[in-house]
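In what follows, a structure is listed as structure tokens, so that the remarks can point back to it.
In our numbering, the protein residues as written are 464 to 601.
Here it is as structure tokens:
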């Protein structure tokens, strides 16, 4: 009692709730409320929120899944870019738009292939073409 009034005892100081709950002191009592974890976390057996490894359940397409704190990231494989409509998918990037080949470019899944006009052969760097001397007989 204090100044003629009853003083509330904080029952939560005695830790009366199970460990997967939070104790909330109320006037004259207390209540145990379930612990709520943020999205990307789950309650473990010790009553603590821990990161969920979404990569165990999420399928990333043409990419590698990387678990991050509270979330995940799909990192595109070489030759692919993020699909703006689906964060778990990467779509083929058409490398031929950048004109990497001297003569002709053929886009392939995740890459490209250069070809040469008739009378030329692909050089060692696989992007340039060298004149083929048809008169040479080896």
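C-beta: ideal position from N, C-alpha, C; glycine also.
In the three-state DSSP reduction, residue 519 falls in the helix class (H, G or I). Residue pairing for residue 574: DSSP places it in a beta bridge opposite 571. Under the DSSP assignment, residue 585 falls in the beta strand (DSSP E) whose first and last residues are 583 to 585. If you draw a 10 Å sphere on the C-beta of residue 538, you find fewer than 16 other C-beta atoms in it, and that means exposed. Rounded to the nearest whole angstrom, the C-alpha separation of residue 577 and residue 524 is 26 Å.
Linking residue 478 to residue 506 through their CA atoms gives a straight-line distance of about 19 Å. Annotation for residue 501: 512, 533 place their beta carbon closer than 8 Å to its own, counting only its chain and skipping 5 residues before and after. Ranked by Cα distance from residue 543, the options 493, 574, 486 are led by 574.
In this structure, the CA atom of residue 571 is about 8 Å from the CA atom of residue 555.
Spanning the alpha carbons of residue 518 and residue 548 requires a straight line of approximately 19 Å. Distance check between residue 484 and each of 563, 508, 503 places 508 closest, using alpha-carbon atoms only.
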